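Take a look at the structure below.
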Amino acid sequence: MKDLQYYITRPKVDAHNHLNLGMRYSSYLEWSGMPIPNFPRKMNGLDDMHDVIARYTRPRCQTADDVTSLIDMSLNDAIADGVTVLEGSIDIGFMVHFHKDVEKFLQMVSGFVSRYRDRIDFRPELGFGKTFDKTKISKWAPALMESGSFKSIDLYGPEVEEGIEDFKYLFTLAEKLGIKKKAHVGEFSDAASVRRFVEFFDLQEVQHGIGAAADDSVLAFLAERKVRCNVCPQSNYLLGAVPSLKEHPVKRMLDAGVPITIGTDDLLFFDATVSEQVFDLVSEGIITEADADRLLAEGV
Ligand SMILES: [Zn+2]
């Protein structure tokens with residue numbers, strides 16, 4: 015059987031990585047000096063995770079330098095895992111730490127791309143939280159997207175359909191600018207919601223999407239439209255979206271012909287790199303070595 019090192023040395027994408035939480039806990043702890051008790055650990059859904067964020071990680075991120083340090087750690091830990099293409103998301107809310115200065119924010123983003131060019135193909139993604147101030151989003155997003163610095167957008171937050179029409183204009187603009195369209199859905203929500211999000215926003219990619227596995231017709235829909243799902247098995251397990259790794263539907267999705275990549279989501283919380291997750295899926299007999307090679311080839 016191929017060892018972990020094999021998967022580390024394969025070229026690969028991480029297309030689901032929130033860069034403010036994308037580093038190892040050890041990297042984070044050394045920088046922050048603020049331990050998070052009993053961590054990383056299994057959590058009881060997203061509320062539990064957001065509680066840790068509210069108590070520990072958000073208070074530690076107060077300045078533009080903090081944001082820059084967090085992203086820098088995430089890039090280094092992706093490189094250490096042999097990630098060659100990183101579609102890493104930067105939350106638009108971090109603009110507040112840049113004194114709402116679009117130019118300064120963009121300088122930080124493009125600085126990372128050029129500084130790391132020899133080591134990783136970093137493709138910045140602009141992330142929108144559904145619960146963030148919509149007036150601020152509408153004020154900042156067009157200029158950020160039109161800058162050409164962001165190669166994709168991602169919408170996340172509570173997986174409810176109520177109010178999603180408020181974000182439609184971002185996806186219309188992305189389409190016009192040739193920016194890839196992604197959104198989080200189907201992490202805890204059902205197959206029908208995955209289909210509706212894909213149709214409503216004309217998504218090219220879904221972050222998670224595992225809810226689709228409960229309905230063959232939705233899997234066929236994703237496969238037919240070639241909608242890639244950037245799946246994060248360890249995140250799904252530690253947040254309780256699946257009862258165990260063994261019961262993760264990634265194999266069902268693959269076998270249905272849905273394009274799949276494995277992402278880290280938040281390495282700080284879930285503590286498993288892309289290579290480690292692929293290795294675990296093979297070692298636990300959830301996918302075959304051929305499946306693993308197919309997963310890794312997707313997106314590079
Ligand atoms: Zn995510």
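Heads up: the sequence shown begins at 15 in the working numbering, then just goes up one per residue. For each residue, glycine too, the CB sits at the ideal point set by N, CA and C. What you are looking at is a predicted structure, and each value in this text was computed from that prediction instead of being measured.
(message) Need the endpoints of the alpha helix (DSSP H) that TYR315 sits in, please.
(response) It is not possible to answer for residue 315, since the shown part of the chain is limited to 15 through 314.
(request) Please report how far the alpha carbon of ARG308 lies from the alpha carbon of ASP279, in whole angstroms. (result) Start at 1 with the first residue of the sequence shown, and residue 308 comes out as number 294. Start at 1 with the first residue of the sequence shown, and residue 279 comes out as number 265. So the two alpha carbons sit approximately 20 Å from each other.
(request) Using a threshold of 8 Å, state whether the C-beta atoms of ILE104 and GLY141 are closer than that. (result) Within the sequence shown, numbered from 1, the residue matching residue 104 stands at position 90. Within the sequence shown, numbered from 1, the residue matching residue 141 stands at position 127. In this structure, GLY141 lies closer than 8 Å to ILE104 by Cβ.
(message) Let me confirm a value: LYS148 is counted as buried when at least 16 other C-beta atoms fall within 10 Å, else exposed. Which label applies?
(response) By 1-based counting over the sequence shown, the position of residue 148 is 134. Under this definition LYS148 is an exposed residue.
(request) Please list, in chain order, all residues of the same chain as ARG209 whose beta carbon is under 7 Å from its beta carbon, the five residues on each side excluded. (result) Counted from its first residue, the sequence shown places residue 209 at position 195. So the list reads VAL232, PHE235, once near-sequence residues are dropped.
(message) So, for SER41: in the same chain, excluding its five sequence neighbours on each side, which residues have a beta-carbon less than 8 Å away from its beta-carbon?
(response) The residue labelled residue 41 in the question sits at position 27 within the sequence shown. Closer than 8 Å at Cβ, skipping near neighbours: MET87, ASN90, ASP91.
(message) Measuring straight from C-alpha to C-alpha, what distance separates ILE106 and LEU84?
(response) Within the sequence shown, residue 106 is the residue found at index 92, counting from 1. Within the sequence shown, residue 84 is the residue found at index 70, counting from 1. Taking the straight line joining both Cα atoms gives about 15 Å.
(request) In the DSSP assignment, find the unbroken beta strand (DSSP E) run with GLU173 in it and report its ends. (result) As a first step, residue 173 must be located in the sequence shown, where it is residue number 159. Element bounds for GLU173: n/a, residue is neither H nor E.
(message) Taking a contact to mean a Cβ-Cβ separation below 8 Å, would you say VAL241 touches LYS26 in this structure?
(response) Here residue 241 corresponds to residue number 227 of the sequence shown, with the count starting at 1. Here residue 26 corresponds to residue number 12 of the sequence shown, with the count starting at 1. Contact flag unset, no.
(request) Kindly indicate which residue of ILE93, ARG69, MET109 has the alpha-carbon position closest to the one of ARG38. (result) Position 24 of the sequence shown, counted from the first residue, corresponds to residue 38. Looking at the Cα atoms, ILE93 is the closest of the given residues.
(message) Please identify the residue among LEU217, MET63, GLY225, GLN291 whose C-alpha is closest to the C-alpha of LEU259.
(response) One-based indexing of the sequence shown puts residue 259 at position 245. Of the candidates LEU217, MET63, GLY225, GLN291, the one whose C-alpha sits nearest the C-alpha of LEU259 is GLN291.
(request) Provide the residue(s) that pair with ALA237 in DSSP beta bridges, ordered along the chain. (result) As a first step, residue 237 is located in the sequence shown; it is residue number 223 there, counting from the start. Note: ALA237 sits in no beta bridge, so no partner.
(request) Answer with buried or exposed for THR186, where buried requires no fewer than 16 other C-beta atoms within 10 angstroms of its C-beta. (result) Looking up residue 186 in the sequence shown gives position 172. Looking at its Cβ environment, which holds fewer than 16 other Cβ atoms inside 10 Å, THR186 is exposed.
(message) At a threshold of 7 Å, does ASP279 count as lining ligand 1 (C-beta to nearest heavy atom)?
(response) Your numbering for residue 279 matches position 265 in the sequence shown. Yes.
(message) Can you tell me whether ARG72 is helix, strand or coil according to DSSP?
(response) For the purposes of this step, residue 72 is taken as the residue at position 58 of the sequence shown. Three-state result, ARG72: coil.
(message) Assuming the contact rule is C-beta atoms closer than 8 Å, GLU201 and GLU160 should be a hit. Round their C-beta distance to whole Å, please.
(response) Here residue 201 refers to the residue found at position 187 when the sequence shown is read from its first residue. Here residue 160 refers to the residue found at position 146 when the sequence shown is read from its first residue. At roughly 30 Å, the Cβ-Cβ gap does not stay under 8 Å, so GLU201 and GLU160 are not in contact.
(message) For MET48, which residues in the same chain have their Cβ closer than 6 Å to its Cβ, ignoring the five residues on either side in sequence?
(response) Along the sequence shown, one-based indexing puts residue 48 at 34. Only ARG74 meet the Cβ criterion.
(request) Following the continuous beta strand (DSSP E) through PHE164, name the residue where it begins and the one where it ends. (result) The residue labelled residue 164 in the question sits at position 150 within the sequence shown. Looking at the DSSP string, PHE164 is not in any beta strand (DSSP E), and its letter there is neither H nor E.
(request) With a threshold of 7 Å, establish whether the CB of HIS30 neighbours any heavy atom of ligand 1. (result) For the purposes of this step, residue 30 is taken as residue 16 along the sequence shown, with counting starting at 1. For ligand 1, at least one heavy atom lies less than 7 Å from the Cβ of HIS30.
(request) Use the C-beta contact count for TYR183: other C-beta atoms within 10 angstroms, 16 or more gives buried, fewer gives exposed. (result) Here residue 183 corresponds to residue number 169 of the sequence shown, with the count starting at 1. Its Cβ having fewer than 16 others within 10 Å, TYR183 is exposed.
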